[in-house]
Amino acid sequence: MIHGQTPGDADWRRALTRFVTVIPHTRELGLEVLEVTPEVTTMRLPWSDDLLGDTARGLVHGGVLTMLLDTVCGSAVLPALPAPEVCPTLDLRVDHFRPGVAGLAILAEARVVRVTESVVFTEGSLWQETGRPLARGIGNFVRLGPRNTPPGFAEALFADVAIDEEGDHA
Amino acid sequence: MREGFENVDWLERTRAEGDVDAWLALIPYARRIGVSTLPDPQGEGLLFRLDPREGNVGNVLLPALHGGVVAAFMETAATLDLMLATRMPRLPRIVDISIDYLRTARLAPTLARCSLQREGRRMGNVRVCAWQESETTPVATARLHFVLGDPGDAGA
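Same order as they appear, the protein sequences are chains A and B. Mind the numbering: the first sequence is residues 106 to 275 in the working numbering, read in order. Mind the numbering: the second sequence is residues -9 to 146 in the working numbering, read in order.
If you want it as structure tokens, here you go:
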């Protein structure tokens, strides 16, 4: 894939960092990629007051959780494929176990359950404190295939360019 | 007592006045993605609008709106619509959302219409349809369940 070599976990972490820093919405919120393996992708959304859905009670907007699950599940799809393909979300289901609270980063984990010729099945979960999940997500993604993936998509993910955005999140 | 969804008097007054902007003022993420309301030309209710702003983009190649932002818009719409539509003032808390992405949402204004499918004593079910060019070609549809809380029970 990169010069004919199979990317390792560190390559994928850099590639998905690039992926979420190219997306304006997740770049502006400072989303970080913590760990990537072919099975599991972990991300961290730092706290900002714009994530609130109720300022008086200090609760996270439920839509933030849906956005984050869509992002982490959609990202986890890429390392699970033989070669990166564009995979739009087909559908997404989110169960809200408890509200997120102000002031704490939100951690996100997604795993790929099954890859077929046309669909990638994923599931994800979110938490602020270990052992206290906020939400669970089930996302299915359509494989557009190499023919409908823009040329240079894989190369762009693994382009050998320093990703300075990483430093901007501090 | 300060303004807030748990303030029963404030909730009843803003609801009676249909002052959804007062509610949106307390929802920073909805403001960040640019949610607003407009009168429904086909009825007495409201339509919801998502501003096509650069910060909502999720795919720079197309460009297309972030599917998660579209979902957050639809959840906001469902919550606000439900708060207006119930028989009594209620505080909805989301239980689950299921969203189908039907078409690419371009960097253009997105509208949404909600319909309350069921209002029980404890649970509400809302359907949301979001579109850009025409309501007959939606970009996404969603269904949501909410627990209908009593605004008097703070922290419920």
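Glycine included, C-beta positions come from ideal geometry on N, C-alpha and C. Note that the structure is predicted; figures quoted are calculated from it, not measured.
Among the options, the one whose alpha carbon lies nearest that of residue i
i: R(-8) (chain B); options: A:T160, A:S223, A:S153 and A:G113; result: A:T160
i: R93 (chain B); options: A:L157, A:L195, A:G158 and A:V218; result: A:L195
i: D200 (chain A); options: B:A95, B:E65 and B:P99; result: B:E65
i: A12 (chain B); options: B:Q32, B:W0 and B:D41; result: B:W0
i: V125 (chain A); options: B:G48, B:G110 and B:G142; result: B:G48
i: R77 (chain B); options: B:V10, B:D140 and B:D30; result: B:D140
i: R108 (chain B); options: B:G58, B:G33, B:A75 and B:D41; result: B:A75
i: R111 (chain B); options: B:G58, B:T27, B:P82 and B:F63; result: B:P82
i: C178 (chain A); options: A:T221, A:E144, A:P251 and A:A115; result: A:E144
i: L136 (chain A); options: A:A115, A:P184 and A:I211; result: A:I211
i: T235 (chain A); options: A:T111, A:E214 and A:V182; result: A:E214
i: L186 (chain A); options: A:T221, A:L173 and A:R132; result: A:T221
i: N245 (chain A); options: A:N253, A:S223, A:S230 and A:L239; result: A:S223
i: G250 (chain A); options: A:L183, A:L150, A:V141 and A:D114; result: A:L183
i: D86 (chain B); options: A:G242, A:T254, A:R219 and A:M172; result: A:G242
i: W105 (chain A); options: A:L157, A:G158, A:F202 and A:S180; result: Since the first residue of chain A shown is 106 and the last is 275, residue 105 (chain A) is not available in this structure.
Other residues of its chain near residue i: CB distance less than 6 Å, five sequence neighbours each side excluded
i: P131 (chain B); result: Before going further, note that residue 131 (chain B) is Thr rather than Pro in the sequence given. For T131 (chain B), where only same-chain residues beyond five positions count, the Cβ hits under 6 Å are D90 and C119.
i: G208 (chain A); result: W152
i: D154 (chain A); result: none
i: V266 (chain A); result: Residue confidence is low: V266 (chain A) scores 49 on pLDDT, short of 50, so the model does not pin down where it sits. Its coordinate-derived value is still stated next. Excluding positions up to five away in sequence, the list is empty.
i: Q110 (chain A); result: none
Beta-carbon proximity of residue i to residue j, cut-off 8 Å
i: L139 (chain A); j: M148 (chain A); result: yes
i: L70 (chain B); j: F136 (chain B); result: no
i: S88 (chain B); j: R133 (chain B); result: yes
i: V225 (chain A); j: R248 (chain A); result: yes
i: P129 (chain A); j: G45 (chain B); result: yes
i: A188 (chain A); j: A120 (chain A); result: no
i: V191 (chain A); j: V50 (chain B); result: no
i: L88 (chain A); j: L231 (chain A); result: Within the shown structure, residues of chain A are numbered from 106 to 275, placing residue 88 (chain A) beyond reach of any answer.
i: A95 (chain B); j: V116 (chain B); result: no
i: L157 (chain A); j: P18 (chain B); result: yes
i: L55 (chain B); j: L97 (chain B); result: yes
i: G114 (chain B); j: V(-2) (chain B); result: no
Sequence-distant residues of the same chain with beta carbon closer than 8 Å to residue i, five excluded per side
i: V206 (chain A); result: G163, L164, V165 and Q233
i: R21 (chain B); result: L14 and A15
i: D30 (chain B); result: L36, L37 and R103
i: P99 (chain B); result: R39, L40, D41, P42 and Q122
Which of helix, strand or coil DSSP assigns to residue i
i: H56 (chain B); result: coil
i: A267 (chain A); result: Legend: pLDDT at A267 (chain A) = 46, less than 50; position of this residue unreliable, value from coordinates given subsequently. A267 (chain A) falls in the coil class under three-state DSSP.
i: D30 (chain B); result: coil
i: P251 (chain A); result: helix
i: A146 (chain B); result: In this prediction, A146 (chain B) has a pLDDT of 43, which is less than 50 and means its spatial position is unreliable; nothing more can be read from the coordinates.
i: A261 (chain A); result: helix
i: P128 (chain B); result: strand
i: A12 (chain B); result: helix
i: G272 (chain A); result: With a pLDDT of 41 at G272 (chain A), under the threshold of 50, the predicted position of this residue should be treated as unreliable, and no value is reported.
i: F136 (chain B); result: strand
i: W232 (chain A); result: strand
i: H130 (chain A); result: helix
Min CB distance residue i to chain E below 8 Å
i: E133 (chain A); result: In summary, chain E is missing from the structure at hand, where the protein chains are A and B.
Contacting residues, own chain, Cβ-Cβ under 7 Å from residue i (five flanking each side not counted)
i: R5 (chain B); result: M73, L74 and P79
i: I23 (chain B); result: L40, N46, V59, A62 and F63
i: T131 (chain A); result: V125 and T176
i: L173 (chain A); result: L150, I211, A213 and L231
**Message:** So if I threshold CB-CB distances at 9 Å, which residues from the stretch 4 to 32 of chain B count as touching chain A?
**Reply:** A15, L16, I17, P18, Y19, A20, R21, R22 and I23
**Request:** Give, in chain order, every residue of the stretch 178 to 203 of chain A whose Cβ lies closer than 9 Å to some Cβ of chain B.
**Result:** G179, V191, P193, T194, L195, D196, L197, R198, V199, D200 and H201
**Asked** Between the stretch 151 to 172 of chain A and chain B, which residues of the former have CB atoms less than 7 Å from a CB of the latter, in chain order?
**Response** D154, D155, L156, L157, G158, D159, T160, A161, R162, H166, G167, G168, V169, T171 and M172
**Request:** Please name the residues in the stretch 62 to 79 of chain B whose beta-carbon is closer than 9 Å to at least one beta-carbon of chain A, in chain order.
**Result:** A62, F63, M64, E65, T66 and T69
**Request:** Below 7 Å between beta carbons is the criterion; list the residues of the stretch 210 to 229 of chain A that meet it against any residue of chain B, in chain order.
**Result:** none
**Positions along the stretch 84 to 96 of chain B whose CB lies within less than 8 Å of some CB in chain A** = I84, V85, D86, I87, S88, I89, D90, Y91 and T94
**Item:** Residues of the stretch 40 to 62 of chain B whose Cβ lies closer than 7 Å to any Cβ of chain A, in chain order
**Value:** E44, G45, N46, V47, G48, V50, L51, H56, G57, G58, V59, A61 and A62
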